[in-house]
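**Student:** These protein sequences, in sequence, are chains A and P. Just so we're on the same page, this note's numbering is the position in the first sequence counted from 1, plus 143. Just so we're on the same page, this note's numbering is the position in the second sequence counted from 1, plus 39. After the C-alpha cells below, expect a handful of questions from me.
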Amino acid sequence: MIMEITENAYNETTILGIIGRLDTTNYGILENKLSTLIDTGKTRIIIDCSKMDYVSSSGLRVFLIALKKITLVRGRFILAGLQEIIREIFEIAGFTTIFEISGTWEEALRLIGEEGH
Amino acid sequence: MPYYINFKDPNSPEMIRVLESIPKCPGTCFFMDINKSTDLKYQGGIADWGRKLNNTFNFLLFSNHFEKDVVKGIGDEIMLFIPDSDLGKRFSNGPYYSLLEDIYSSMFTIRNHPDPGLFIECKVSIHYCTEVFNISFLEGANDYYGSDIDLTARLMTKCIENRIVLSEKFLIKVRNDMVNLGLPADTGCLGRISEKFLENFKGVPTNTEYRIIDVK
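If you want it as C-alpha cells, here you go:
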C-alpha cells in the first residue's frame, strides 16, 4: 500500500510526516529511516501522524523500538496529530502513557524548544 | 454463516445428503493462548488478572482487527479462523505474510512493553486449512470443523510463551506472498524462523512439518 514519509529539520529536531497507511508492506521504510536518524545522532524526532490514516501492529512495533532506542540516549520522541482511530489503537496498546503525544507537530516543536534542549 | 446441522433422526438420509453437499471453506486457523493466566488467578484478585486479560485480549483483537474472527474462547485460549475470501479483502497485498507479521508484532509489543504490568505474554499456533467446513451443531453459534482445525490445536502443544508455531503448509503461503511482494526471505519475523521439525501428532495419520518463531 502507498505510504509516504516527508522529512523536515528544525535546528536539531527532525520531523517525519507519515502520509497514508503504515502497514506490514511498508513499515520497513519507516524503521530504516528512524534507525538511520538515531544512528547518526539525530535523536530529537517528531512524528507527524496527522495524515496517517491506518497503523498495523507492525507499525506499532516500529514506534516502540524507536522509543526504546531514543530513551537509551536520552533523546526526545514525540508523536503528533493522531487521528481519532489511531489514538484509540494507541490507547489500547498502552502507548498513550509511554509516548509523549501532542496535538500538532508545531506544538511538539514548542515542547522540545521550551525545555531548552 | 455456518451450515446448521440438526437432525432428530440419527439415521436420517437427508442428514447424509446435506453433510455431503457442504463445501470446504479454506482459510487460516490460529489459536492464541494467554500464558500462565491460571497462576495469575492464584496470585491476585480479579481486579488484577481480569484487567490484564481485558488488556491483552483487547490489544490482540482490536489492533489486528480480529474481533469478528473469533470462533470461540475456551478459558484463556481463543480460536480464530479467517476464510481466504475474507483475508484477501483485509490485506490486498501479501495477506498471509501480513497476517503473520502482525501477529508477531503484537506479541513483540506485549513482550517489550515498558509497562510490564499491563499485558500477559502469549503463545500462538497457526495452520493453513483446506480440510475445513463452516458448520455448527449448535443453533446460532458459528464454528469450523475438520482435520486441519484439529491439527492447529495439536500444534499448540509445541508452543511456549512468546512463541509462534506455524505449520509448513502456512509457511508456504507466507513464502509465496513474499516472492510476490519482492521481499527477501529473511524479512521481518521470518529472519527468526527455525529449521523444519517433524512430529507425529496424536490422531494425525501422517507426520506434520512445522516451524517455530520465538518473539524476542
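All residues carry an ideal CB built from backbone N, CA and C; glycine is no exception.
For P/F120, which of P/N201, P/K75, P/C168, P/I73 has the nearest alpha-carbon?
**Tutor:** The residue with the shortest Cα to Cα distance from P/F120 is P/C168.
**Student:** Would you be able to state if there are at least three C-beta pairs under 8 Å between the region 163–176 of chain A and the region 198–206 of chain A?
**Tutor:** Output reads yes: the region 163–176 of chain A touches the region 198–206 of chain A.
**Student:** Determine which residues share a DSSP beta bridge with P/P122 and list them.
**Tutor:** Beta-bridge pairing links P/P122 to P/G66.
**Student:** Which residues in the same chain have their Cβ closer than 8 Å to the Cβ of P/E200, if we skip the five residues on either side of it in sequence?
**Tutor:** N74, K75, E160, C161, K162.
**Student:** Helix, strand or coil: how does DSSP classify P/E57 here?
**Tutor:** The residue you asked about is not Glu; residue 57 of chain P is Val in the sequence shown. Note: P/V57 maps to helix in three-state DSSP.
**Student:** Under a CB-based cut-off of 8 Å, is A/L177 close to chain P?
**Tutor:** So no, A/L177 is outside the interface.
**Student:** How many Å lie between A/G224 and A/I235 at the Cα?
**Tutor:** Near 17 Å, if we compare the C-alpha coordinates of A/I235 and A/G224.
**Student:** Between which two residues does the beta strand (DSSP E) holding P/R231 run?
**Tutor:** It is not in any beta strand (DSSP E) - P/R231 carries neither H nor E in the DSSP assignment.
**Student:** Please name the residue in P/M195, P/N45, P/K107 whose C-alpha comes closest to that of P/R56.
**Tutor:** Of the listed residues, the one whose Cα sits closest to P/R56 is P/N45.
**Student:** How big is the Cα-Cα spacing for A/K212 and A/K176?
**Tutor:** Between A/K212 and A/K176, the C-alpha separation is close to 13 Å.
**Student:** Let me confirm a value: P/N173 is counted as buried when at least 16 other C-beta atoms fall within 10 Å, else exposed. Which label applies?
**Tutor:** Classification for P/N173: buried.
**Student:** Report the option in P/R250, P/P41, P/I232, P/P49 whose CA atom is closest to the CA atom of P/P122.
**Tutor:** If we check each option's Cα against that of P/P122, P/P41 comes out closest.
**Student:** Any beta carbon of chain A sitting closer than 8 Å to that of P/E140?
**Tutor:** Yes, because at least one Cβ of chain A sits closer than 8 Å to the Cβ of P/E140.
**Student:** Check whether the region 190–210 of chain P touches the region 76–83 of chain P, taking contact to mean three or more Cβ pairs, one atom from each stretch, closer than 8 Å.
**Tutor:** Touching, no.
**Student:** Label P/N103 either buried or exposed according to how many other C-beta atoms from any shown protein chain fall within 10 Å of its C-beta, with 16 as the threshold for buried.
**Tutor:** It counts as buried.
**Student:** Ignore the nearest five residues each way along the sequence and tell me which others in A/T186's own chain have a CB closer than 6 Å to its CB.
**Tutor:** I213, V216, G218, listed in sequence order.
**Student:** Taking 8 Å as the threshold (C-beta atoms), are P/V171 and P/G242 in contact?
**Tutor:** No.
**Student:** What are the start and end residues of each continuous beta strand (DSSP E) run of 3 or more residues lying completely inside the region 140–174 of chain P, in chain order?
**Tutor:** Whole beta strand (DSSP E) segments, 3+ residues: 161–168.
**Student:** Is it buried or exposed, A/L207, if we count other Cβ atoms within 10 angstroms and call 16 or more buried?
**Tutor:** A/L207 comes out buried.
**Student:** Under a three-way DSSP split, which group does A/S199 fall into?
**Tutor:** Coil.
**Student:** Using only CA atoms, which one of P/E238, P/K235, P/I142 lies nearest to P/G227?
**Tutor:** For P/G227, the nearest C-alpha among the options comes from P/I142.
**Student:** From the DSSP output, in three-state form, read off P/M217 for me.
**Tutor:** Of the three classes helix, strand and coil, the one that applies to P/M217 here is helix, per DSSP.
**Student:** In its own chain, which residues sit with a C-beta less than 8 Å from the C-beta of A/Q226, not counting the 5 before and 5 after it?
**Tutor:** So the qualifying residues of the chain are C192, S193, M195, D196.
**Student:** Using a Cβ-Cβ cutoff of 7 Å, what residues of the region 141–170 of chain P are near chain A? List them in chain order.
**Tutor:** Taking 7 Å as the Cβ-Cβ cut-off against chain A, the residues of the region 141–170 of chain P that qualify are D141, S144, S145, F147, T148, N151, H152, P153, D154, L157.
**Student:** Against chain A, with Cβ distances strictly below 8 Å, would P/S137 count as a contact?
**Tutor:** It does; some Cβ of chain A falls within 8 Å.
**Student:** Candidates P/D108, P/T191, P/F176: which alpha carbon is nearest P/T247's?
**Tutor:** Selected option, being the one with the closest Cα: P/T191.
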